Structures are given as C-alpha cells and as structure tokens.
Amino acid sequence: MDNLDLLVVGGGPAGLCGAIEAARSGLNVLVVDEGVVPGGQLVKQTHKFFGSEEFYASVRGMKIATKLLDDLGSYENARIVTESSVLAIYEEGIPVLDRRSDSVTLYRPSSILFATGASEKFLQFDNNDLPGVYGAGAVQTLMNQYGILPGNTVLMIGSGNIGLIVSYQLLQAGVEVKAIIEASGRIGGYEVHAEKVKRSGVPILLKHTITKALGRDSVIGAVISALDEKWKPVPGTEREIVVDTICIAVGLSPSVELIAQAGGEIKYVAELGGYVPVRDYNQKSTVGNIYVAGDASGIEEATTAMIEGRIAGLNIVKDITGSCDIDRLNSLHQNLDKFRSGPTSSKTRTGLKKIGSTITEIEYTEGEVNRPESFRGKLRPLIECYEAIPCNPCETSCPTGAIKVGKNINNVPVIDYSLCTGCGICATKCPGLAIFMCQERDDGTALLGIPYEFLPLPSRGDSVFAFGRNGEVVCSADVERVVKSPNKTNLIYIRVPEELVGRIRHLGTVVSRSRDLVCRCEEVTVEQVRKAIRDGYKDFEELRRYLRISMGPCGGRTCRLNTLMILSREIGIPVEELSPGMMRPPAIPVTFGSIERSGAENSDEE
Amino acid sequence: MERILDHPVLTFERDKKVVFFFEDLEMEAYEGETIAAALHANGIRDLRRTPREERPQGLFCAIGKCSSCLMEVDGKPNVRTCITPVRSGMRVRRQKGRGEIGG
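Heads up: the sequence lines are chains A and B, in that order.
Heads up: the first sequence begins at 7 in this note's numbering, then just goes up one per residue.
Heads up: the second sequence begins at 506 in this note's numbering, then just goes up one per residue.
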C-alpha cells in the first residue's frame, strides 16, 4: 500500500488524537492497534479525568475512548485495524501482522506517529512471577473491561496515582484492598485520590515493601517489611498478609522498541519512566518523518497524551500539505505547557529538560483558601482541594460562576459563597471527589452531602454508617436525600451531629444480615433492634418490653450491653448515660417446684 | 475471579455465550472476551510452565506487552492469550516451555 500518508502505531488516546487531526485535514490515515478493541488504556479507565473540560475533564476515561473513536470514524480517509501488530521498521516498508488471518501487509507511509504506550514495570521480590501477581493495568483490564474480578483480597504495591485509582476501583467492584504499601516516605499520587481510599478504610503503609509472594500455583499471601532510611528491609518487621492477589503499581516504562528500530535516538531519562525517544517541541523524533506522542514519549497521563497526539498530528499535516492551523497548534502548546506548569508536574519538567524541552513553573495557589464557616446555615460546598493539581471542572460546571480556578489551571479553587446556590453540581463533577455539601441546622444537626460511587445505593430514610477520614465508624446517620447523577457520582445527604461535620467523609450501607443475633435466648437480630429504635423505642426498658430482649433465661447477661451499644450508636448518647433497665428476678432459671419446696433457713416455722 | 454483575459505574454487555476447552475441560465464555479473561472467569490463573524451571506463570500486563500469558491455542504455541479473543470450540492448553511447532 503506497498512498498512505500517515501510519499511526497504537490506537490509544495519543494515537487517536493524532489520527483525528491528520484525518480532518484530508490525509490518508491508518491506525494499527494490538488490542481486541481500540482505545488503548482509556477503555478501562472508570474514573473521571482531571484537567480542563476542553480536554474531557470530569468525563470517565472509557467515555473519552468512545468519543475519540466516533470522531475518527466520521472520516472516510481514516481507518483502524485491531488485533494487528507492527512487526518491525524496515527501509523497504513496515510489515503489519493481522493476527486473525496470520498474514502480513507491507505499508510505505509518508510519515509515522508512534503512540505505542508503555509497559508495566516489574518489581523484584521472591516469587514475583506467581500467578496472581498482576500489574495494575492487568487488574483494570480484567475488572473494568471484562467485568471479571482479579481476586477477592488484594495487596497494592505503590501509592502513585495508578495504585490509588486502581485500589479505589477494586473497592467499587467489591474487592477487599488489605493495604497499599509504599517504599518512599510519602504518598506518590494526588492527595484527593489518597483521601478517597483512606476514607474507605484502606491503610496506606509508607516505608514498606513486599519481600515475598506466598503460594505454590497461585498467590495465597504476601510478606511485607518496613524499610530503613537506606531502603533496606528492617529485620524483624516482616509480616504476612493473607491476600489472593498482589497488584504491582510501581510505574510504567515507555514502549520505544519500534522507534529505536526506525533509527530514532533514545535516551534514558528516569523521570520519564526509562528510555524515551529524543523529540522536539512538536513531538518530532530525530528521524525526519517520524513523530512520537503519549506515554511512548515519556510517562505522563492521558490528557497530556491527547494534546501531544494532536500536536503531532497537526505537524504531520504541515509536513505533508505545507500548512496547518497554526493558531490551533499554538493554543495546544499553551495548554500543554500550562498543564505541566504545576508542582505535581515537576518530575515531568525535569525529565523533559533532559531531552531539551524547558517548561517553567508558573505561580500557583495552594492550601486552604476558602472560609465556609462564615456562611454557617447556608447549603454550600466544602471544597477540600488543597493541592495544586491541573484540574478545573468545579469552575466550568458551576452554573452561577461562584467557583474560580483562574488562569492557572493548577490553582486551587476559590468559591464566592454569596453567589453559590447550593446546587451541588460541583460535588458531582469533581474528579477527586473532594467536594462535600453542608448545611448546619438550628437543632444541633447538619446535613452533609457526600459524593458516593458504590453499591448498594442507599435510599431516603435508610440508616447508614458514617465513616471518618480513615474509614473509622463515626456514628450512624439517616439518609435525608439521594441525588442521582447521570455521571454516576451520586450525592447522598445524611443528617449528622453538627460537631461531626468535619470528621465524616464517607458512608456505608448497613448490610442487613437477618441472622445477626443480639439476643440468643429470644433470637432477636441487630436489624430488629435498629428498626425498633428507628420506630421510636429509644429506651432500654421499651426495647425490652417490645422485643423481649433480656427477658429470656440468661436474664440479659448476653444481650444487655450489646443492645445498649446499638442504642448508643443509633441515638448518639454514650452508654454510660443510658439506663441499663431493670434487672429482674430470678437471676437464673429455676423450677416452680424449688419455690414450692422452699423454706427459710432461719424460719420460725416447721 | 468471578464475573461482576452489579457495578456502581459500569454495565457489562454480555451477549453471546460460547463454549471452549481448557485442557479438554469444557468452559463457558462470552463473545468478545479474551482467552485469558475467560480463563480467569473460570478460576484459571495458572496459564503456562516456564521453559527452565517449569514455574507456573499467568497474566501480568493483560495488554499484550509482557508475553507472560503465552498458551497453546488450537495446536499453535506462543499465542498471547490476553489479546486474543476466545472463539467457540477453541482448544486452549497450558504451554509447557517454549512450545513446539505443529503442537
């Protein structure tokens, strides 16, 4: 095939965006993708993207894949082949294997865009090839693309954004994440991602590593160990964790094999994930007609990959046709630079500098900048976004313009509470789930709106557990309102004591286990006790008479305290302030006969 | 290693069931699933034996990069089962070592 203008290797976010730009200008484009479905790793990203709305922020990754594929599909001069692999780069042409027919076609394109993505880094520990030790991407593929659970209990290695996001997605799928371990002394990913898993009850153990996977044919556990300041395991700190899955999320390295074969210069840049192709500001490699974009040109994330792809595509159009939309190209460059100008991109900037691209950090705001306490009583958002990350859907989604991120997308949002109507849209749009709604009431309680992406979805009137920032149970609470959102980030409004507003950040539904007994003698369940309390029996004596709790043969020895503790949790009064109720005779079961035959020791009778 | 039925964000479209064979055992899959995914849904993680030490290995990257999921499919060795769709009647075996031509 000789009239091909552009061959795109890899149909992920970078490759698709490059192909779209080229196709829009009429070039003949072929995208070759190895996968069963195109879209690269977007197809398994269930979280809402950070960034700006122009580049699909707040849209879930898999929906972005659909949008890009639809867009490319609208051009007759572009096509995608899946289950196909580029075998090599030869001067005579580029052999592409169609794995379905097991046949090879030779292409001679005018230019090539390598958007080959990356591969998982493989961590060294004993038994690290045991089935059940997966890369984080594999877990996502199984779980989010095919709907198959990778296991039931997981140990996550690595607290970068991927480790944190995949942990959260495992929880959403109903898998238990025992812990996230991190070798360094600080969490690698965004604070807001870490907060999401912490409030779901997953501990993040810093300065820890895995030393061994346990099991013969499949993982049955892991040995972890604390690390000293020289990154060596501390003897005596080893402990076993029982898990059936170990997930490695220690980073990615760019797939540069084909670029190197094509003669493109590659260079080792640790900050960008390993060997990266040397390329200029316009994504052009050291070989004239070859461009690179996305993770293949340095590990970053999907938003920058899409922008890089578009920049490469426009430049290819310019090379072939002599011109391209320069304004658009400049605007893409500006956006990309802005995106990378914040503190969370410092590593990327250091890496890019090593291959000749200089991006300067621009001034940004961070920390607590809002003062919700001065609007006590008004329904309003509590914005817990304190880290300067490139993201602004709260600003763009606010219908009244109350929230401002400003010119630098890395700024933390500032809210003008006098303009806020309390609609809660920002809370459903925030990709970090870092916005909570709050309204204090005169009776000492407050309404707290929590973004919720789990099943089962509670209903109005349900009693739920309110969890704190580390997943601890703070109290139980009633659901007052459920706002279902089309993007599946629903808002659950619960009523809680006002003094707990700052502590409660998550909730869990009360799982009704009908055989969960409180009282063995009379067979009364936890759920029955809770229901009675909610029906108005808020005193132990009332519960006793209504449910027969403590009226059985044990006389309340087994059930009294349990019942009082449930009552305490439900009504928010400490056990020590509750009445324990009457303790009636007889203290143990006795026969009537024993009473009949009774006589007093010092009796005057007989 | 079971299939997710209810998910807070995703819906899984599982249309047509197909039957395939793993080590002569009949197994069910849904059309569109990869061989490796279908095996996981059936509780199979152990996909091959390494050439030197005959160690069990399974899926690692699931996107066709690491070649840890190579299996023998319809007599053909070294098939990357993580990016090959399962098809009706397929015969899949654990690959032992490097595989043999003509299996």
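Note that beta-carbon positions come from the ideal geometry of N, C-alpha and C, so glycine has one too.
Here the structure is a predicted model, which is why all the values come from computation and not from measurement.
| Asked | Found |
| --- | --- |
| CA-to-CA distance, residue 561 of chain B to residue 223 of chain A, given in whole angstroms | 6 Å |
| Through-space distance from residue 195 of chain A to residue 171 of chain A, alpha-carbon basis | 9 Å |
| Cα-Cα separation, residue 250 of chain A to residue 176 of chain A | 13 Å |
| The segment 82-89 of chain A / the segment 231-240 of chain A touching (three or more Cβ pairs under 8 Å) | no |
| When A:79, A:49, A:44, A:50 are compared against residue 29 of chain A, the one with the closest alpha-carbon | A:79 |
| Sequence-distant residues of the same chain with beta carbon closer than 8 Å to residue 586 of chain A, five excluded per side | 546, 566, 570 |
| Continuous beta strand (DSSP E) stretch holding residue 81 of chain A: start and end | First-last for residue 81 of chain A: undefined, no H or E at that position. |
| Range covered by the beta strand (DSSP E) that runs through residue 577 of chain B | 575-578 |
| Alpha carbon of residue 370 of chain A to alpha carbon of residue 121 of chain A, nearest angstrom | 31 Å |
| Distance, residue 298 of chain A Cα to residue 270 of chain A Cα | 10 Å |
| Bridge partners - residue 126 of chain A, DSSP secondary structure assignment | A:258 |
| Whole-angstrom distance between residue 480 of chain A and residue 433 of chain A, CA atom to CA atom | 22 Å |
| Residue 612 of chain A, DSSP secondary structure in three states | Reliability fails at residue 612 of chain A, whose pLDDT of 45 lies under 50, so the model's placement of it is uncertain and the value that follows must be treated cautiously. Coil at residue 612 of chain A, not helix or strand. |
| Integer-rounded CB distance, given that residue 538 of chain A should sit under 8 Å from residue 553 of chain A | 6 Å |
| Endpoints, alpha helix (DSSP H) assigned at residue 287 of chain A | Per DSSP, residue 287 of chain A belongs to no alpha helix (DSSP H) and is neither H nor E. |
| Simplified DSSP state of residue 544 of chain A, which is helix, strand or coil | coil |
| Contacting residues, own chain, Cβ-Cβ under 7 Å from residue 601 of chain B (five flanking each side not counted) | 554 |
| Minimum C-alpha distance to residue 254 of chain A - residue among A:275, A:183, A:286 | A:183 |
| Enclosing alpha helix (DSSP H) for residue 178 of chain A [first to last residue] | 167-178 |
| Listed by chain order, chain A residues near residue 511 of chain B by CB distance under 9 Å | 180, 461, 462 |
| Below-9 Å beta-carbon distance, residue 594 of chain B vs any chain A residue | no |
| Cβ shell of residue 151 of chain A (< 6 Å), same chain only, five flanking positions each side left out | 49, 50 |
| Per-residue burial, residue 274 of chain A [other beta carbons within 10 Å of its own, 16 or more giving buried] | exposed |
| Residue 450 of chain A to residue 540 of chain A span [Cα, whole Å] | 19 Å |
| Every unbroken alpha helix (DSSP H) inside the segment 422-508 of chain A [4 residues or more] | 431-435 |
| Pair within 9 Å by beta-carbon distance, residue 498 of chain A and residue 456 of chain A | yes |
| Where residue 39 of chain A falls, given that 16 or more other Cβ within 10 Å makes a residue buried | buried |
| Contacts that residue 147 of chain A makes with chain B (C-beta to C-beta distance below 8 Å) | 542, 567, 568, 587 |
| Per-residue DSSP class, three states only, for residue 6 of chain A | As displayed, chain A neither begins before 7 nor continues past 612, which places residue 6 of chain A out of reach and without an answer. |
| Residue 142 of chain A, buried or exposed, once every other Cβ within 10 Å from all chains shown has been counted against 16 | buried |
| Between the CA atoms of residue 401 of chain A and residue 53 of chain A - distance to the nearest angstrom | 19 Å |
| Nearest candidate by alpha-carbon position, reference residue 423 of chain A, set A:458, A:436, A:383, A:448 | A:383 |
| Contacts around residue 68 of chain A, its chain only, beta-carbon distance under 8 Å, and the 5 residues preceding and following it disregarded | 45, 48, 49, 50, 51, 52, 150 |
| Residue span of the beta strand (DSSP E) that contains residue 141 of chain A, given as start and end | 139-141 |
| Residue 186 of chain A and residue 225 of chain A closer than 9 Å at C-beta | no |
| Same chain only: Cβ atoms within 7 Å of residue 65 of chain A, ignoring 5 sequence neighbours per side | 54, 55 |
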